[in-house]
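Notes for the one structure printed next.
2 protein chains.
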Amino acid sequence: MSTAPERGRPRGFDTAVALERAKEVFWKYGYEGASLTELTAAMGINKPSLYAAFGSKEELFKQAVQLYAEQDMAYARNALDQPTAYEVAAALLGDNVRALTREDTPPGCLSIQGGTACGADNAGISAFLAHSRLAGEAALAARFARARDERDLPAGTDPAGLARFVMIVAEGQAVHAAAGISREQLEQSTDLALRAFPQPGAEH
Amino acid sequence: MSTAPERGRPRGFDTAVALERAKEVFWKYGYEGASLTELTAAMGINKPSLYAAFGSKEELFKQAVQLYAEQDMAYARNALDQPTAYEVAAALLGDNVRALTREDTPPGCLSIQGGTACGADNAGISAFLAHSRLAGEAALAARFARARDERDLPAGTDPAGLARFVMIVAEGQAVHAAAGISREQLEQSTDLALRAFPQPGAEH
DNA sequence: ACCGTTCCGTACCGAGCGGTACAGTAATGT
DNA sequence: ACATTACTGTACCGCTCGGTACGGAACGGT
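Top line first, the protein sequences correspond to chains A and B. This note's numbering numbers the first residue of the first sequence as 7 and each following residue consecutively. This note's numbering numbers the first residue of the second sequence as 7 and each following residue consecutively.
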């Protein structure tokens with residue numbers, strides 16, 4: 007893994023660290039609420055450096071969301087590796103609650119806090135976030151479809167509908183977490199949601 | 007009910023209609039995404055008229071949210087009148103889905119779309135919305151507490167936890183609705199959520 | 001008719017927005 | 001050594017933001 011031969015003055019900051027800081031600012035304030043002034047202050051750089059390294063506010067945001075997906079939502083992909091559909095859902099919602107209420111990150115979820123609604127000029131931002139959430143839901147639906155084929159879920163189960171329900175609970179937990187609800191109270195909602203989960207033996 | 011004797015030039019617009027229009031703009035674009043230009047255009051008035059009638063953008067928003075609660079969320083209060091806790095939850099979530107997917111209003115819910123995250127200057131807006139959502143949750147918890155006392159819910163039930171679960175599902179549905187998910191698909195999630203509901207006979 | 005009162009429309013305010021021009025500076029290539 | 005290249009910091013761009021000053025217009029009271 008060789009670094010490319012660097013010509014010219016080297017960058018005076020670590021883009022990975024700067025992106026990490028930007029992620030936190032977007033997480034707290036949302037896309038529109040995060041001003042360039044606040045972003046550059048948190049990143050420890052000036053505006054031209056930001057634009058040279060990331061292109062624009064929108065591209066910076068999308069890179070921050072990607073980093074968020076890789077780093078702060080790894081639990082969602084890992085949950086798919088659980089042996090049964092029930093355990094997948096339990097791991098997903100359980101880890102979701104833990105991620106939403108960490109003390110070293112803002113409360114809630116960047117995908118929601120980033121902007122469920124934006125101004126007319128930034129409609130693409132909320133659409134981008136919604137699309138990425140639905141991509142995760144599709145992966146969960148595929149996992150549930152496999153479980154149904156493996157007779158781990160009842161034959162009559164709608165995998166997409168079940169995945170949608172789980173994601174709806176996860177999103178509601180994110181909204182609640184952003185409002186300051188405690189981890190213990192959110193865990194209670196996970197337990198309740200899992201009671202709705204179909205058992206392998208049941209008819210539907 | 008006598009109207010006060012009006013002195014001076016009469017107002018050239020209907021404040022109720024103007025507030026209705028403002029509500030829709032906030033609903034679509036959120037608090038920060040709704041500019042005064044867009045608001046006044048939709049309301050059919052000029053900025054000084056807006057400020058004379060409503061005080062400020064923030065006060066206009068709060069009045070819009072209040073109108074929303076009275077008008078677009080009346081179903082939430084009505085649901086509390088159902089005879090059993092299960093029917094309360096079923097009515098609440100069922101009507102919630104219908105309200106989120108009406109064709110004559112923006113998709114989703116003003117309380118979420120208004121702004122789950124805002125810039126540092128407008129932190130009060132998201133706090134205001136979160137507080138009003140939790141007030142509704144408290145009313146639902148009180149209804150469930152009554153149901154438990156009436157042996158309509160198992161004695162071991164935590165009314166606040168159950169209310170939190172129902173509200174979490176409702177919020178998740180709102181996020182999903184804003185992303186364009188269909189009414190039918192959301193109704194499916196209501197059915198699943200209700201399967202988690204404790205039955206009167208059960209232990210907990 | 002005239003006055004006080006209230007509202008409307010234009011034109012404007014300071015501030016902050018996202019984004020950039022430009023000159024200075026620190027590295028490499030030859 | 002010196003040209004080339006790329007990054008940094010300052011200072012600035014046009015624009016839009018939320019909010020308002022002010023003069024004209026439409027009403028009731030007397």
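The beta carbon of each residue, even a glycine, is placed where N, CA and C say it ideally should be.
| query | result |
| --- | --- |
| Candidates B:Val-23, B:Ala-24 and B:Ala-40, of which the one nearest Val-31 (chain B) by Cα | B:Ala-40 |
| Straight-line Cα distance separating Gln-88 (chain A) from His-210 (chain A) | Low local confidence applies: a pLDDT of 48 at His-210 (chain A) is under 50, so the model's placement there is unreliable, with the coordinate-based value given in what follows. So the alpha carbons of these two residues sit roughly 22 angstroms apart. |
| Ala-91 (chain B) versus B:Ala-147, B:Arg-17, B:Val-175 and B:Ile-51, residue with shortest Cα-Cα distance | B:Ala-147 |
| Pro-54 (chain A) in three-state terms, based on DSSP | helix |
| is_contact[Ser-117 (chain A), chain B] using C-beta, thresh 7 angstroms | no |
| Sequence-distant residues of the same chain with beta carbon closer than 7 angstroms to Ala-199 (chain B), five excluded per side | Leu-99 and Val-175 |
| Under 7 angstroms from the C-beta of Ala-48 (chain B): neighbouring residues of chain A | Per Cβ cutoff of 7 angstroms: no residues; Ala-48 (chain B) is ~12 angstroms from chain A at best. |
| Residue-chain proximity (Thr-122 (chain A), chain B), Cβ-Cβ < 7 angstroms | yes |
| The ligand FAD heavy atom lying under 6 angstroms from the CB of Ser-138 (chain A) | Ligands in the displayed structure: none, and consequently the ligand FAD is not present. |
| Ranges of the alpha helix (DSSP H) found wholly within the stretch 154–184 of chain B, counting only runs of at least 4 | 165–184 |
| Euclidean distance between Cα positions of Lys-53 (chain A) and Gly-61 (chain B) | 36 angstroms |
| Chain-ordered chain A contacts of Lys-34 (chain B) [CB-CB under 9 angstroms] | Ala-123 and Ala-126 |
| Neighbour list for Ala-201 (chain B) in chain A, Cβ cutoff strictly below 9 angstroms | The identity of residue 201 (chain B) in the sequence shown is Arg, whereas the question assumes Ala. Within 9 angstroms Cβ-Cβ: Arg-201, Ala-202, Phe-203 and Pro-204. |
| Chain-ordered residues of the stretch 155–169 of chain A with a beta carbon less than 9 angstroms from chain B | Asp-164, Ala-166, Gly-167 and Leu-168 |
| Residues that Leu-140 (chain B) contacts on chain A, provided the C-beta gap is smaller than 8 angstroms | Ala-185 |
| Presumed contact (8 angstroms Cβ cut-off) between Gln-69 (chain A) and Leu-25 (chain A), rounded CB distance | 6 angstroms |
| Partners in chain A for Gln-179 (chain B), counting only beta-carbon separations shorter than 9 angstroms | Ile-174, Glu-177 and Gly-178 |
| Extent of the continuous alpha helix (DSSP H) run through Ala-75 (chain B) | 63–77 |
| Residue-chain proximity (Phe-171 (chain B), chain A), Cβ-Cβ < 7 angstroms | yes |
| Local Cβ density within 10 Å of Gly-14 (chain B), reported as buried at 16 or more and exposed below that | exposed |
| Contacts that Leu-198 (chain A) makes with chain B (C-beta to C-beta distance below 8 angstroms) | Gly-167, Leu-168, Phe-171 and Ala-202 |
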